[in-house]
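*Asks:* One structure coming up, written as structure tokens, with questions to follow.
In the working numbering, the protein residues as written are 3 to 318.
Structure representation (structure tokens):
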């Protein structure tokens with residue numbers, strides 16, 4: 003039987019960013035240097051395939067430091083951790099490696115700098131997300147207030163409207179964040195913002211590629227984990243940009259083929275913590291059912307690379 007034709011638009015950039023790449027490399031190098039087991043506090047990145055692969059190599063994933071023995075190395079995830087976590091590791095004389103993405107660390111430094119200048123911080127982010135918890139945990143409780151929507155801005159109670167600064171989670175929707183920033187600036191005209199917004203280059207680039215792809219594709223799949231903030235934002239950006247069917251899938255097995263019946267154009271992208279092997283798995287699943295023509299939709303080129311911590315570059 004002849005397969006129906008399908009033009010498959012492939013977003014570029016997509017998938018792994020430099021911070022995720024570095025975090026995975028840190029776990030692999032730690033296993034190479036110290037042997038298994040190496041403990042990792044929280045999922046190193048939000049992707050089950052990546053976590054399972056590292057677990058098979060000897061990484062042990064835990065939620066809190068008290069689940070780790072004192073005599074084995076522990077790694078902090080790419081999302082960042084509150085200040086209390088490395089402080090506890092140091093007090094227990096543990097060997098620890100911080101895999102926090104350098105662009106998240108930049109936000110931590112920014113928040114501390116504003117606080118040192120006597121400003122109260124408003125963070126734009128998602129409650130309960132590890133990155134938000136980590137950033138807010140750089141300062142004493144109450145020094146950082148969280149807003150998630152423009153409506154939250156209207157309700158937030160601050161110490162002094164003239165002494166405020168804002169920071170943002172790095173994986174937010176660029177457009178949604180712009181609306182919240184406008185609301186903050188309207189209510190607090192003196193609020194100080196970052197020189198350049200905190201949303202990272204990878205999040206921004208992937209959202210731009212999705213917007214360009216959404217104009218062409220009847221449907222769109224984002225390869226990523228349900229707990230991945232940047233992946234979920236890609237689905238929202240695709241839907242907002244006019245793609246009538248935008249869905250998140252972890253693997254090819256999750257694709258709802260009935261919903262895609264009769265399509266002739268399809269967009270595919272992946273969140274910053276999804277490996278290329280999963281994207282290829284999804285493409286192969288389409289090749290099984292359609293006569294696929296692939297077209298790249300490239301909106302930016304990335305050549306960012308972050309060094310791993312010195313402790314891993316030194317011999318054991």
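Every residue, glycine too, gets a C-beta built ideally from N, C-alpha and C. Please read all numbers here as calculations on a predicted model, not as lab measurements.
1. Going straight from the alpha carbon of residue 46 to that of residue 4, what length do you get?
2. For residue 321, which of helix, strand or coil comes out of DSSP?
3. Taking a contact to mean a Cβ-Cβ separation below 7 Å, would you say residue 254 touches residue 283 in this structure?
4. Nearest by alpha-carbon distance to residue 144: which of 153, 123, 269, 152 is it?
5. For the alpha helix (DSSP H) containing residue 88, name the first residue and the last one.
6. What are the complete beta strand (DSSP E) segments, minimum 3 residues, inside the stretch 141-174?
7. Among residues of its own chain, excluding the 5 on either side of residue 295, which ones have a beta-carbon nearer than 8 Å to its beta-carbon?
8. Across which residues does DSSP place residue 225 in a beta bridge pair?
9. Residue 308 to residue 264, Cα distance in whole Å?
10. Output the boundary residues of the beta strand (DSSP E) element that contains residue 297.
11. Taking the alpha carbon of residue 277 as the point to measure from, which residue in 56, 66, 194, 239 has its own alpha carbon closest?
12. Less than 8 Å between the CB atoms is what I'm expecting for residue 25 and residue 91, so what's the real figure, rounded?
13. Please state whether DSSP places residue 63 in a helix, a strand or coil.
14. Under 8 Å by Cβ, that's how I've got residue 51 and residue 70 pegged, so tell me the actual separation to the nearest angstrom.
15. Does the distance from the CB of residue 215 to the CB of residue 299 come in under 7 Å?
16. Give me whichever residues DSSP pairs with residue 11 in a beta bridge.
17. Whose CA, out of 260, 259, 273, 29, lies closest to the CA of residue 237?
18. Suppose contacts are defined by Cβ-Cβ distances below 7 Å. Is residue 262 in contact with residue 226 by that definition?
19. Closest to residue 83 by CA distance: which of 31, 138, 73, 34 is it?
20. Does the structure place the stretch 162-180 close enough to the stretch 124-131 that three or more beta carbon pairs sit under 8 Å?
21. Cβ atoms of residue 164 and residue 192: under 7 Å apart, would you say?
22. Using the Cβ count rule (16 or more neighbours within 10 Å means buried), how would you classify residue 180?
23. Anyone know if the C-beta pair for residue 301 and residue 212 falls short of 7 Å?
24. Closest to residue 220 by CA distance: which of 247, 95, 279 is it?
25. Using 8 Å as the cut-off, can you tell me whether the stretch 105-114 makes contact with the stretch 150-162, which would need three or more C-beta pairs spanning the two stretches below that distance?
26. Which residues does DSSP pair with residue 308 in a beta bridge?
27. Please list, in chain order, all residues of the same chain as residue 98 whose beta carbon is under 6 Å from its beta carbon, the five residues on each side excluded.
28. Between residue 207 and the rest of its own chain, which residues show a CB-CB distance below 6 Å, the 5 nearest in sequence each way excluded?
*Replies:* To lay it out plainly:
1. In the chain shown, counting from the first residue as 1, residue 46 sits at position 44. In the chain shown, counting from the first residue as 1, residue 4 sits at position 2. Rounded to whole angstroms, the gap between the alpha carbons of residue 46 and residue 4 is 44 Å.
2. Given a span of 3 to 318 for the chain in the structure shown, any question on residue 321 remains unanswerable.
3. To locate residue 254, count along the chain shown from 1; it is residue 252. To locate residue 283, count along the chain shown from 1; it is residue 281. The Cβ-Cβ distance between residue 254 and residue 283 falls below 7 Å.
4. On the chain shown, residue 144 is found 142 positions in, with the first residue counted as 1. Cα-wise, what sits closest to residue 144 is 123.
5. Reading the chain shown from its first residue, position 86 is the one you call residue 88. Taken as a continuous stretch (DSSP letters only), the alpha helix (DSSP H) holding residue 88 covers 86-93.
6. Segments of the beta strand (DSSP E) lying fully in the stretch 141-174: 146-149, 166-170.
7. Residue numbering aside, residue 295 sits at position 293 when the chain shown is read from its first letter. Within the same chain, residue 295 has close Cβ partners 7, 8, 9, 10.
8. Counting from 1 along the chain shown, the entry for residue 225 is found at position 223. Paired residues: 251, 272.
9. The residue given as residue 308 occupies position 306 in the chain shown. The residue given as residue 264 occupies position 262 in the chain shown. Going by the C-alpha atoms only, they are around 43 Å apart.
10. As a first step, residue 297 is located in the chain shown; it is residue number 295 there, counting from the start. 293-300 is the extent of the beta strand (DSSP E) around residue 297.
11. By one-based count along the chain shown, residue 277 stands at place 275. The shortest Cα separation from residue 277 among 56, 66, 194, 239 belongs to 56.
12. Position 23 of the chain shown, counting from 1, holds the residue named residue 25. Position 89 of the chain shown, counting from 1, holds the residue named residue 91. Rounded, the Cβ-Cβ distance is 17 Å, inconsistent with contact.
13. On the chain shown, position 61 is the one that residue 63 refers to. Reduced to three states, the DSSP call for residue 63 is strand.
14. The residue you call residue 51 lines up with position 49 of the chain shown. The residue you call residue 70 lines up with position 68 of the chain shown. Actually they do not touch by this definition, with Cβ atoms about 24 Å apart.
15. Indexing the chain shown from 1 puts residue 215 at position 213. Indexing the chain shown from 1 puts residue 299 at position 297. For residue 215 and residue 299, yes; Cβs fall inside 7 Å.
16. If you number the chain shown from 1, residue 11 lands on position 9. As DSSP reads the structure, residue 11 sits in a beta bridge with 269, 297.
17. Here residue 237 is taken as the residue at index 235 of the chain shown, counted from 1. That would be 273, whose Cα lies nearest to the Cα of residue 237.
18. Here residue 262 refers to the residue found at position 260 when the chain shown is read from its first residue. Here residue 226 refers to the residue found at position 224 when the chain shown is read from its first residue. No, the Cβ-Cβ distance between residue 262 and residue 226 is not below 7 Å.
19. For the purposes of this step, residue 83 is identified with residue 81 of the chain shown, where counting begins at 1. Ranking 31, 138, 73, 34 by Cα distance to residue 83 puts 138 first.
20. yes
21. For the purposes of this step, residue 192 is taken as the residue at position 190 of the chain shown. For the purposes of this step, residue 164 is taken as the residue at position 162 of the chain shown. Contact flag set, yes.
22. If you number the chain shown from 1, residue 180 lands on position 178. Its Cβ having fewer than 16 others within 10 Å, residue 180 is exposed.
23. For the purposes of this step, residue 301 is taken as the residue at position 299 of the chain shown. For the purposes of this step, residue 212 is taken as the residue at position 210 of the chain shown. Cβ atoms of residue 301 and residue 212: not closer than 7 Å.
24. The sequence position of residue 220 within the chain shown is 218, counting from 1. Looking at the Cα atoms, 247 is the closest of the given residues.
25. The answer is no - the stretch 150-162 does not touch the stretch 105-114, with fewer than three Cβ pairs under 8 Å.
26. As a first step, residue 308 is located in the chain shown; it is residue number 306 there, counting from the start. BP columns for residue 308 are empty, so no partner.
27. Sequence index remark: in the chain shown, residue 98 carries index 96 (1-based). The answer, listed in chain order, is 76, 91.
28. The residue you call residue 207 lines up with position 205 of the chain shown. 15, 302, listed in sequence order.
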